[in-house]
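Undergrad: Residue numbers (the numbering used here), protein chains in the order written: chain V, 12 to 123; chain R, 44 to 157. Even for Gly, the Cβ is constructed at its ideal location relative to N, Cα and C.
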């Protein structure tokens, strides 16, 4: 089946620190990969995506590269801001599967 | 214009009651979903409809009944509400093309059963 694994636990870091959130996946077929962000009290918003191997998705200073050889799609940002505090979800879908498989999410807290 | 809108945003009700949550999308998508998010933020798919037909029903109690009157609407009716139904319910939609399978989410409905 299709599944996504995110690193355990919340992430707390200081403003301007480097952020990495790990995401690995298993999939039948060729998945499209996504990072969604959920700000407090809001719904999920697409942050970035990549639809084939070696693609790099980027948005708002965040980046993630689709690595087929390591089945990974790690999220990075070079200098976080307090406004980046949110829950981040890695997800995948395979065309024809009609569903998004989500990781468990990581709460990111950025301290001034 | 909100792409995926669901109402109400908050719903507080007593055990045993019946309630509905409505969802509408104006993106022209052919697939709509209901997800449940628990207190630990874990997201679990409940249902998926494609062109008004149910295609995914993920071992959800039959007290939950989705209804899709047309492609743009997917409502969720819940009978005999239980304490464990308290959660945030998200509606989403997507266009099932090969390269554009991202989903767009509503703002969520926070259901509290007391």
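#1: Using only CA atoms, which one of R:68, R:77, R:47 lies nearest to residue 108 of chain R?
#2: Taking all protein chains shown into account, decide if residue 91 of chain R is buried (16 or more other Cβ within 10 angstroms of its Cβ) or exposed.
#3: For residue 65 of chain R, collect the residues of the same chain with a Cβ closer than 7 Å to its Cβ; drop the 5 residues on either side in sequence, then sort them by chain order.
#4: Decide if residue 126 of chain R is buried, meaning its Cβ has at least 16 other Cβ atoms within 10 Å, or exposed.
#5: Which term fits residue 109 of chain V, buried or exposed, when burial requires 16 or more other beta carbons within 10 angstroms of its beta carbon?
#6: Suppose you measure from the CA of residue 102 of chain V to the CA of residue 123 of chain R; what does that come to, to the nearest Å?
#7: Counting only the same chain and skipping the five closest in sequence on each side, list residues whose C-beta sits under 7 Å from that of residue 115 of chain V.
#8: If we ignore side chains and look at the alpha-carbon of each, how far apart do residue 67 of chain V and residue 62 of chain R end up?
#9: I think residue 30 of chain V touches residue 74 of chain V, with their Cβ atoms under 8 Å apart; what is that distance to the nearest whole Å?
#10: For residue 120 of chain V versus residue 23 of chain V, is the C-beta distance shorter than 8 Å?
#11: Please report the distance separating the alpha-carbon of residue 83 of chain V from that of residue 96 of chain R.
#12: With DSSP as the reference, label residue 129 of chain R as helix, strand or coil.
#13: Could you check which residue in R:147, R:93, R:103, R:116 has the C-alpha nearest to that of residue 73 of chain R?
#14: Work out the CA separation of residue 145 of chain R and residue 56 of chain V for me, nearest whole Å.
#15: For residue 130 of chain R versus residue 79 of chain R, is the C-beta distance shorter than 8 Å?
#16: DSSP state of residue 202 of chain V, grouped into three classes?
#17: How many whole angstroms separate the CB atoms of residue 45 of chain V and residue 86 of chain R, which I take to be in contact at a CB cut-off of 8 Å?
#18: What does residue 144 of chain R touch in chain V if you count any residue whose Cβ is under 7 Å from its own?
#19: Would residue 14 of chain V pass as a contact of residue 104 of chain V if the rule is Cβ separation under 8 Å?
#20: Can you tell which of R:100, R:147, R:133, R:59 has the C-alpha that lies nearest to the C-alpha of residue 52 of chain R?
TA: Inspection of the coordinates gives the following:
#1: As a working note, residue 108 of chain R is residue 65 in the second chain. When each option's Cα is compared against that of residue 108 of chain R, the closest is R:77.
#2: Against the second chain, residue 91 of chain R aligns to sequence position 48. The residue is buried, with at least 16 neighbouring Cβ atoms inside 10 Å.
#3: Locating residue 65 of chain R in the second chain gives position 22, where the first residue counts as 1. Cβ within range, chain order: 49, 50, 118.
#4: Position 83 of the second chain, counted from the first residue, corresponds to residue 126 of chain R. Label assigned to residue 126 of chain R: exposed.
#5: Taking the first chain and counting its residues from 1, one reaches residue 109 of chain V at position 98. With 16 or more other Cβ atoms within 10 Å, it is buried.
#6: For this step, residue 102 of chain V is matched to residue 91 along the first chain. For this step, residue 123 of chain R is matched to residue 80 along the second chain. The alpha-carbon atoms of residue 102 of chain V and residue 123 of chain R are separated by roughly 32 Å.
#7: For the purposes of this step, residue 115 of chain V is taken as the residue at position 104 of the first chain. Counting only Cβ-Cβ distances below 7 Å, and skipping sequence neighbours, we find 17.
#8: Stepping through the first chain from its first residue, residue 67 of chain V is reached at position 56. Stepping through the second chain from its first residue, residue 62 of chain R is reached at position 19. Taking the straight line joining both Cα atoms gives about 43 Å.
#9: Along the first chain, read from residue 1 onward, the residue named residue 30 of chain V stands at position 19. Along the first chain, read from residue 1 onward, the residue named residue 74 of chain V stands at position 63. Not a contact, Cβ separation roughly 11 Å.
#10: As a first step, residue 120 of chain V is located in the first chain; it is residue number 109 there, counting from the start. As a first step, residue 23 of chain V is located in the first chain; it is residue number 12 there, counting from the start. Closer than 8 Å, so yes.
#11: On the first chain, residue 83 of chain V is found 72 positions in, with the first residue counted as 1. On the second chain, residue 96 of chain R is found 53 positions in, with the first residue counted as 1. Answer to the nearest angstrom: the Cα atoms are 33 Å apart.
#12: To locate residue 129 of chain R, count along the second chain from 1; it is residue 86. Coil, per DSSP.
#13: Along the second chain, one-based indexing puts residue 73 of chain R at 30. Of R:147, R:93, R:103, R:116, the residue nearest in Cα terms is R:93.
#14: If you number the first chain from 1, residue 56 of chain V lands on position 45. If you number the second chain from 1, residue 145 of chain R lands on position 102. Distance between the alpha carbons of residue 56 of chain V and residue 145 of chain R is about 10 Å.
#15: The sequence position of residue 130 of chain R within the second chain is 87, counting from 1. The sequence position of residue 79 of chain R within the second chain is 36, counting from 1. Cβ atoms of residue 130 of chain R and residue 79 of chain R: closer than 8 Å.
#16: Limits of chain V in this structure are 12 at one end and 123 at the other, which puts residue 202 of chain V out of reach.
#17: Residue 45 of chain V sits at position 34 when you count from the first residue of the first chain. Residue 86 of chain R sits at position 43 when you count from the first residue of the second chain. With 8 Å as the limit, residue 45 of chain V and residue 86 of chain R do not qualify as a contact, their Cβ atoms being about 12 Å apart.
#18: What you label residue 144 of chain R is simply residue 101 of the second chain in a count that begins at 1. Under the 7 Å cutoff, chain V gives 43, 104, 106.
#19: Along the first chain, one-based indexing puts residue 14 of chain V at 3. Along the first chain, one-based indexing puts residue 104 of chain V at 93. No, the Cβ-Cβ distance between residue 14 of chain V and residue 104 of chain V is not below 8 Å.
#20: As a working note, residue 52 of chain R is residue 9 in the second chain. With distances taken between Cα atoms, residue 52 of chain R lies closest to R:133.
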